[in-house]
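K.L.:
If you scroll down you'll find the structure; I have some questions about it.
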Amino acid sequence: MELARLYPAWVTGVVLSPQTGVSTAAPLEVLTTLRGSLLHGGWLSDLWGTDYPGQTRRVQLSWLIWSYPRGVRTLLFTSLKTPRIPSGVYLFPSAVWFEREVWEMLGVTFEGHPDLRRLLTDYGFNGYPLRKDFPVGGHLEVRFSERNKRVVSRGVNFTQEFRTFDFTSPWEN
C-alpha cells in the first residue's frame, strides 16, 4: 500500500483485502494524508470504537475512508491507552456526529471537537453504555407513573433469588 511505503513511521501494519486495513499510532497524520492527494478527496463514511477491557490499550477506534473516484475503501484503526485523541472534524466534517457518538458511548474525548454533547442518552446519564463493564440492566429504571402523572426513575437492584431459569423444553419429552 502507498501509505506504508511513503510513511513507514506512521503505519504499523497493513492488511490487504477488498478494503485496505491500516494500523497506526498517528491516526490524524494518516487521515490528513487520506484526505489529501493519495485518495483524491476521500470522505469519512464511518467511525466507531470497540472496547477491550482486559488490554492496556482498552479502546480501539476505526475510521472507514471511501474514495469514490478511485474505488478504494481504507479502514484505519488505532488503539488508545488513554481515552483522548485529537478530533478529525476539520478534515472530515462528517466526523461531528460519529465522534459525538463514540464520546457518549465509550468515553473517548476528541480534543478540539466543536460540539461534544449527548445524542442518544439523557443529559444526567452516568457511564458509557458500550463499555463491557457497564451493567446490562443499566443503573436506573425509568417508567411513567400513573399515580404521579410523570416520568419517575429509581435505581436498579437485581437479587439472585428472582433469577430462576427453567431449562426444560416443552417440546421435548
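Going left to right, the sequence shown walks through residues -8 to 164 as the working numbering numbers them.
Positions of the beta carbon are idealized from the N, C-alpha and C atoms, including for glycine.
The structure displayed is predicted, hence computed values, not measured ones.
1) I need the boundaries of the beta strand (DSSP E) containing Glu102, first residue and last residue.
2) Can you look up Phe116 in the DSSP assignment and give me helix, strand or coil?
3) Where DSSP assigns a beta bridge to Gly146, which residues make up the other side?
4) If you compare alpha carbons, which of Leu35, Pro161 and Leu66 is closest to Trp88?
5) Tell me the rounded alpha-carbon separation between Tyr59 and Val80.
6) For Asp113, tell me which candidate among Glu132, Pro105 and Gly103 has the shortest Cα-Cα distance.
7) Kindly indicate which three-state DSSP category Thr24 falls into: helix, strand or coil?
8) What is the residue span of the beta strand (DSSP E) that Val80 lies within?
9) Between the Cα of Arg145 and the Cα atoms of Glu95, Thr69, His130 and Thr24, which residue gives the shortest distance?
10) If you compare alpha carbons, which of Pro161, Ala16, Leu110 and Arg134 is closest to Pro77?
P.N.:
Let me lay it out:
1) For Glu102, the uninterrupted beta strand (DSSP E) segment begins and ends at Thr100 to Glu102.
2) Here Phe116 sits in coil by DSSP.
3) Beta-bridge pairing links Gly146 to Leu131.
4) Minimum Cα distance to Trp88 is reached at Leu35.
5) In this model, Tyr59 and Val80 are separated by some 20 Å (Cα to Cα).
6) If we check each option's Cα against that of Asp113, Glu132 comes out closest.
7) DSSP places Thr24 in helix when its eight states are reduced to three.
8) Here Val80 belongs to no beta strand (DSSP E), and DSSP marks it neither H nor E.
9) Taking only the C-alpha atoms, the option nearest Arg145 is His130.
10) It is Ala16.
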